[in-house]
Structure formats: structure tokens, C-alpha cells
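In my numbering, the protein residues as written are 39 to 221. We put the CB at the ideal spot given by N, CA and C, even for glycine. In this text, all values refer to a predicted model and were calculated from it rather than measured experimentally. Written below as C-alpha cells is the structure these notes are about.
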């Protein structure tokens, strides 16, 4: 493997790593994850860690061993995160959930207002269905399930700021759809 000093260009190192290790790393990860996207993500994460540790890579006499040690550690970290954060994927808003929400809204309200509320709820559901899965899941956990941002972050294994960002994206989408309307 070529020598890299502290002033070495990360792009040169990344290109060399990609050329030498992409195919073996992809095969390694595919055998273990059975998912091409996960294998690609893990391969990129391996390269990112190696670029960040270019000094150790240069000093390491057996570069392939270091590359695959980093890869194995990434798999262990991934399995640990998955065990701790059992991510329950959110499915589309089903009819039962919409009916339950509608009935809670409708109690003690005039029929005309109930109809308007049901129409607005249907429109809100359409907006939520149009969001990315993660954004929709986070928003539903926050607004409908009543979870706190930090609890959502812990459950999904993501940062608090990521949860806040996705909540804001959902709120912005809903606000864009309902702007100019009276509640």
C-alpha cells in the first residue's frame, strides 16, 4: 500500500482504498447482511473510518488486516445498535387509526364541524403518507403517540437534532398544505 503522510490528500487515499478493497468488502458485508444497500453503506463507513485513521493505516504493516478489523467492528457496532434500538417501522396510517382519531375529535361537536374535521384529517393523512418513512415515523411517534424527542432518538438510534429536524419537516409539510385555513 502506498505511504501516506499527514499532508496526504484524503481523496487519493480513498481512491486507493476503493480500488483495492471495495469488491472484497462488499462480498464480506453481503455474506453477513444479505442486503446490498447495507453492504454498500458499511463499505463506505469502513472507508470513512480508514481515511480518518490514515496515520494508523500507514504505520500498519498489514493493511488488509486493519481494513477487515475495521469492517468487523462496524458489523459489531451495527448489531449492538440494532439490539438496543429495536426500530419498529411505522406502517401507513390505516383505516382503524383514522376512525379512532376521528371519533375522539367528533365527541360533542356539531355534525358540520365533524365533517370538516374528518376531511382535514384525511388531507393531513395524505400529507403524512407523502413524507419519507423516517420523517413520518418520527412525527407520528411525537404527535400521535406523545413520545418525547429524546425518547424517539433513543428508540430509533439517531441524534436528537435529527428527530427535531424530521418533526420540523413534517410540520412544514402540513403547514404548507393547510396555510390560509382557519382551524
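On the CB-based measure, 16 or more other CB atoms within 10 Å of its CB, does residue i come out buried or exposed?
i: residue 32; result: An answer regarding residue 32 cannot be provided, because it is not within the stretch 39 to 221 covered by the chain.
i: residue 100; result: exposed
i: residue 105; result: buried
i: residue 176; result: buried
i: residue 209; result: exposed
i: residue 214; result: exposed
i: residue 40; result: Unreliable positioning characterises residue 40 in this predicted model, as indicated by a pLDDT of 47, which lies under 50. A coordinate reading is not provided.
i: residue 174; result: buried
i: residue 44; result: Confidence at residue 44 is low in this model, with a pLDDT of 46, below 50, so the placement of that residue is unreliable and no value is reported for it.
i: residue 182; result: exposed
i: residue 55; result: buried
i: residue 138; result: exposed
i: residue 160; result: exposed
i: residue 191; result: buried
Cβ of residue i within 8 Å of Cβ of residue j?
i: residue 180; j: residue 163; result: no
i: residue 195; j: residue 119; result: yes
i: residue 178; j: residue 187; result: no
i: residue 68; j: residue 77; result: yes
i: residue 103; j: residue 66; result: no
To the nearest whole angstrom, what separates the beta carbons of residue i and residue j, a pair I think is in contact under 8 Å?
i: residue 84; j: residue 64; result: So it is not a contact: roughly 10 Å between Cβ atoms.
i: residue 113; j: residue 165; result: Between residue 165 and residue 113 the Cβ distance is about 38 Å, and since that is not below 8 Å, they are no contact.
Jot down the residue ranges of each uninterrupted alpha helix (DSSP H) in the region 189-216, minimum 4 residues, whole runs only, in chain order. 198-216
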